[in-house]
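Notes to accompany the following structure.
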Amino acid sequence: MTATVIVGPPCAGKSTYAWATRDATELVVDYDRVAQALGSSTAHAATGAIREAAFAAREAAIGVALNTSQGSWVLHTSPSAEQISAYEEAGALFALLDPGEDVCIQRAEDDKRPDGTEDTIRAWYANPPELPDSTTTVSATTGRTIMASDNPRGNRYWGDASLPKTKSEFFNAVTTPAPSGAGTIATIRLYGPIDSYGGFWGISAKDVGAVLDALPDSITQINLRVNSPGGEVFEGVSILNLLRAHKATITAVVDGRAASAASIITAGCDETVMSPGTQMMIHSPSVIAWGNAVELRKTATVLDGIEASMVEIYTAKAGEKDWTTLLADETWLTATEAVEMGLADRSAVVPDAGEAATVGDEDPDTLVIPDEDDEDAEAKARVVVMTSRAPALGTELPSSSEPGDPNRKENVVDYDAFKAGLRERLGVPDADASADQLLAAVDEALTEQAAPVAASNVPEGAVVVDAAAFAQLQDQAAQGQAARAEQIKSRQEGIVNDAVKAGRIAPSAAAGWLASLAKDEEGVTALLSTLPENTIPVAELGHTDETATEAEALFAAAGWSNEKES
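Numbering (this note's numbering), first residue to last: 30 to 595.
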């Protein structure tokens, strides 16, 4: 497992963050809690023997954390350069928790921290520690609420599962050709988390909206196949309302599980079908929060309102129930139980709509960019979605207007004018000639114009060229190709170097970006231009090394910080 070093100023909330996002089996090396365990009356003002013992205990705990198979979290205010180097050698990750100087000072006042805390906060911001370029920045400022999705090691709703490399692995759309040639049934597969981030994080309302806009006008039924752990409730409601607004009849088919926000989507469709062996889970919305009583009550009120909105959707489907109890108990329902409760209409095997083409097969719809040079870089790759593809049988994404049906491009071929021109060229006088009659006239004209072709030993499509001239052409082509490749390489290196100089990307990530440019220069260049400048500091920030007591000098000489943790 991996150790994560959480760095931030006093009152940043490092301790709360670590304990809120850790797994139950993971260690947390927290100086404040060690001091309290040793008898300090407060977590933030240990003195004398307790202070020295707490530092010694933390040093021992850090050694355990870096050498255990368990995951661990180490909290630091200002780790020294030597400590940072030791953590890097041990393979630790770094996360910066920085809510802002004003926020930290206000928290120090609100929490009645010991005298001098505000000065320590200001000193930290005047001279913050230099952390590795790979450091993840996490936040916990609004309402002092910390979401588990901020975990630098976690993958939001994917949990510990490997991140997908293509969007089509968990979300795509297909249409089924009808006998007449026009597709009438579309299948949308929603096989991943519900997440407003979209991209490889999960399925967003924007993703679903793009798919719906791309469906042909002939679609009258949509089969929404679901296997999802859920995710963000508001994103789930948005997806449901997009589906409801479409003119087609929506049938939700649960293929695995419809949990949490996914149950809201399936319950709100025109028909809900549970495949045999599947389950549906409903529960109350939740959030990890901290703060004073007023802040926590406000958060609870928001959650009550969200739950009330969820109950409206469930009630519209299944009628009045003791939803408060069912949601609070996190109720799991088998296929049969979901039907009996009314959240599903039937349990059955619903065949796929039929033979169809999966969206996005022609070109990759994602870009895999390694975060750093590493032998295991693939496992640490970021996946950036370059385009949101959702064409159905080759249709282009139309523009849409609200309210009303999407505006679609008109047929660019004037069929009547085409027929008139064809009759004129074929010499067909009948203005009412059918398509079959016109095709027969075309066949007749082609037959009359056909002439025997002289036999030749040269295969069709081949050209006879002098051997010397052909060799010269090959040599010139090779030289031109090499020159072109060098020109492209030079241009792409310039793009990456400019991004590094501007502080858009880290120097250690340059090789990964170059590899990505070679695959999709236009898309990656556009992506680089959207990254904010000075994200990666381009000037040295420096550090301090203060020793106040003889005991602290000994700890500093051992390579460990003796600063109090928040």
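For each residue, glycine too, the CB sits at the ideal point set by N, CA and C. Since the structure is predicted, the reported quantities are computational estimates derived from the model, not experimental observations.
Sub-7 angstroms separation of residue i and residue j beta-carbons
| i | j | result |
| --- | --- | --- |
| S257 | A296 | no |
| G260 | D224 | yes |
| A539 | V525 | yes |
| P39 | I150 | yes |
| A121 | A32 | yes |
| L269 | I251 | no |
| S537 | D162 | yes |
| I565 | G532 | yes |
| A83 | Y60 | yes |
| A274 | L244 | no |
| V57 | I91 | no |
| L104 | I35 | yes |
| E130 | Y154 | yes |
| G221 | G228 | no |
Closest Cα partner of residue i within the set the options
| i | options | result |
| --- | --- | --- |
| V340 | E324, T330, I311 and V323 | I311 |
| V302 | S519, V378 and A544 | V378 |
| V316 | V262, A347 and D148 | V262 |
| R454 | A83, S537 and L467 | L467 |
| I342 | G371, D148, V323 and A357 | G371 |
| G306 | A511, S545, T213 and V368 | V368 |
| L219 | E473, A345 and V282 | V282 |
| A86 | A64, S107, G77 and K346 | A64 |
| G334 | A345, S313, T354 and I134 | S313 |
| T166 | C133, I134, P128 and E138 | P128 |
Span separating the alpha-carbon of residue i from that of residue j
| i | j | result |
| --- | --- | --- |
| G42 | L126 | 8 angstroms |
| W319 | A47 | 13 angstroms |
| E652 | W102 | No information on residue 652 is available, as it lies outside the stretch 30 to 595 that the chain covers here. |
| K26 | A373 | Not covered by the structure: residue 26. The range shown for the chain is 30 to 595. |
| A528 | P561 | 10 angstroms |
| A288 | Q308 | 8 angstroms |
| V237 | G265 | 11 angstroms |
| G37 | R142 | 16 angstroms |
| T365 | R375 | 8 angstroms |
| E522 | S233 | 34 angstroms |
| A124 | L325 | 26 angstroms |
| A577 | R286 | With a pLDDT of 48 at A577, under the threshold of 50, the predicted position of this residue should be treated as unreliable, and no value is reported. |
| E550 | E515 | 15 angstroms |
| T146 | R62 | 18 angstroms |
| K530 | D140 | 42 angstroms |
| E300 | T280 | 5 angstroms |
| T164 | T45 | 19 angstroms |
| R452 | A460 | 8 angstroms |
| E159 | A152 | 14 angstroms |
| N563 | S247 | 50 angstroms |
| A89 | N156 | 27 angstroms |
| Y226 | A555 | 19 angstroms |
| T249 | A239 | 17 angstroms |
| E254 | L272 | The residue asked about is misnamed: residue 254 is Arg in this sequence, not Glu. Going from the Cα of R254 to the Cα of L272 covers about 13 angstroms. |
| A322 | V331 | 14 angstroms |
| L355 | K346 | 15 angstroms |
| A329 | W352 | 17 angstroms |
Environment of residue i [buried if 16+ CB atoms lie within 10 Å]
| i | result |
| --- | --- |
| I517 | exposed |
| E359 | exposed |
| S114 | exposed |
| E336 | buried |
| G456 | exposed |
| L475 | exposed |
| D242 | buried |
| L546 | buried |
| P458 | exposed |
| S558 | exposed |
| S107 | buried |
| A137 | buried |
| R617 | Here the chain has residues from 30 to 595 only, and residue 617 is not among them. |
| L502 | exposed |
| A507 | exposed |
| V625 | Residue 625 lies beyond the residue range present for the chain, which begins at 30 and ends at 595; the question has no answer from this structure. |
| E349 | exposed |
| A78 | exposed |
Complete alpha helix (DSSP H) runs within the segment 232 to 296 (minimum length 4 residues, chain order)
Runs found: 234 to 243, 262 to 274 and 290 to 296.
In chain order, which beta strand (DSSP E) runs of at least 3 residues are fully inside the segment 307 to 376?
For the segment 307 to 376, the continuous beta strand (DSSP E) assignments of 3+ residues that do not extend past its boundaries occur at 308 to 311 and 360 to 363, in sequence order.
Taking the runs of the beta strand (DSSP E) that are 3 residues or longer, which of them lie wholly in the segment 59 to 135?
Here the runs fully enclosed are 101 to 105 and 122 to 126.
Of all the beta strand (DSSP E) runs that stay within the bounds of the segment 536 to 561, which reach a length of 3 or more residues?
Fully enclosed beta strand (DSSP E) runs of 3 or longer: not present.
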